[in-house]
Amino acid sequence: MPRFILPKRSTQHRVAAIALYRALLSRCTFAPLQDEHRSSLRNAIRQKFRRNRKIASSHQLGLAFRAGYEVLDHLDAASAGDSFSTDFITTELSELGSGLKRPPIRKPPPPPPPPGKHELACLPPEQAVLRVRPYEKVNGPRHVPILSTANRIPFLRLRKPQPASLSRVLRQKLDRRIEIFERRILLGNYWLPLTVQEDRWDQILREELGIPEGTEGTREGKWSDAVRKAYADNTKQYETEVTRDKAIADKMLEIVDKETELALKEGQKIVRGRRVRAKPKPLSKSM
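At position 102 of the sequence shown the residue is numbered 102 (the UniProt record's numbering), and the sequence of numbers has no breaks.
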């Protein structure tokens, strides 16, 4: 069973609608009408097509196309000198509402974001969360942040929805961690066995040719040494990132604890790092 497609998403419908729209506007230029009537007719055509662009009913679309082709026939006849078609168009224009005769209003484009405040831009270092938190004084209720993790990457959830800049940073950290892991797998499962075989081949050649190791002109070191060093560097890089994330998590946990302590001193009730309102007292049953 074919899936239903909205007419505005269908290529055939769009081609037919655009062809009719362009034909009607082009015929308005050559119609023997006054300038005021010609301008009103063009505006009415534009308004009608704009209002009908979301119609999904086949019956309503059939009526709209039938009306459009009827107007197109009258425009062609009026251009050929048919007075009946000219009077028909003038009469129909006089019966239209004033709203259809006005040009369609286009929504102004959204203003560009102010410089330095792009949604993906991070805060300057002096305004970083780990530096300014915890707040000693706040205006209104204190919003205690929640310590969260995304694939073992710690972060503080301050508000919802999550800022795009935070999502970008988490995605970049996760991509870097995946890249380190994939490089380690490649070094250990592909390059290390390959270089071990190269070292074995060099040893076989030296034994067959009677060349002792360390002879001048022979290669110093082994092929596998470079891969083992790269593997060790990769492991060290991974451990460094894990240690840094642990230190950041400890700092974030300290911020949450201090914010919670300040919120409790201010008379707020905290549940899992969130502020909750006190429950209303039950009504007395003595009536």
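Beta carbons: idealized from backbone N, C-alpha and C, even for Gly.
Residue from the options whose Cα sits closest to the Cα of residue i
i           : options                           : result
ASN43       : ALA31, LEU25 and ARG53            : LEU25
ARG133      : LYS258, SER224, ASP76 and GLN268  : LYS258
ALA128      : LYS251, TRP201 and ASN151         : LYS251
LEU6        : LEU253, SER57 and GLU36           : SER57
ILE153      : LEU262, ILE248 and ASP35          : ILE248
GLN34       : SER79, ARG206, PRO141 and LYS173  : SER79
residue 288 : ARG9, PRO125 and HIS37            : No information on residue 288 is available, as it lies outside the stretch 1 to 287 that the chain covers here.
VAL256      : GLU179, LEU166 and ARG157         : ARG157
LEU93       : THR240, VAL71, LYS8 and ILE185    : VAL71
LYS8        : ALA64, ASN52 and ALA150           : ASN52
PRO147      : ARG184, PRO111, GLU136 and GLU254 : First, the residue type needs correcting, since residue 147 is Leu and not Pro in the sequence shown. Ranking the options by Cα distance to LEU147, first place goes to GLU254.
ARG14       : ILE180, ARG50, ARG183 and GLU239  : ARG50
Assigned secondary structure, residue i (DSSP; H/G/I helix, E/B strand, else coil)
i           : result
SER57       : coil
residue 289 : Residue 289 lies beyond the range of the chain shown here (1 to 287); nothing can be said about it.
LEU158      : coil
LYS269      : strand
ILE153      : coil
LEU33       : coil
LYS222      : coil
GLU213      : coil
ILE45       : helix
PRO163      : coil
ASN234      : helix
ILE5        : coil
LEU189      : The question names Leu, yet the displayed sequence has Asn at residue 189. Helix, per DSSP.
ALA278      : Confidence at ALA278 is low in this model, with a pLDDT of 48, below 50, so the placement of that residue is unreliable and no value is reported for it.
is_contact[residue i, chain B] using C-beta, thresh 8 Å
i     : result
GLN47 : Of the protein chains in the structure, only one exists, and it is not chain B.
Status (buried if at least 16 other CB within 10 Å, exposed otherwise) for residue i
i      : result
LYS123 : Correcting the residue identity first, residue 123 is Leu in this sequence and not Lys. Exposed.
GLN60  : exposed
ILE89  : buried
ALA17  : buried
SER85  : buried
LEU68  : Sequence inspection shows Gly at residue 68; the Leu mentioned does not correspond to that position. Per the 10 Å Cβ criterion, buried.
SER83  : exposed
VAL227 : buried
ARG244 : exposed
message = Using 8 Å as the cut-off, can you tell me whether the segment 13 to 24 makes contact with the segment 68 to 80, which would need three or more C-beta pairs spanning the two stretches below that distance?
response = yes
message = Below 8 Å, how does it come out for the segment 94 to 109 and the segment 34 to 43: are there three or more Cβ pairs, yes or no?
response = yes
key: Length-filtered (3 minimum) beta strand (DSSP E) runs lying within the segment 72 to 153   = 146 to 149
message = Taking contact to mean 3 or more Cβ pairs, one atom from each stretch, closer than 8 Å, check whether the segment 223 to 238 and the segment 261 to 269 are in contact.
response = no
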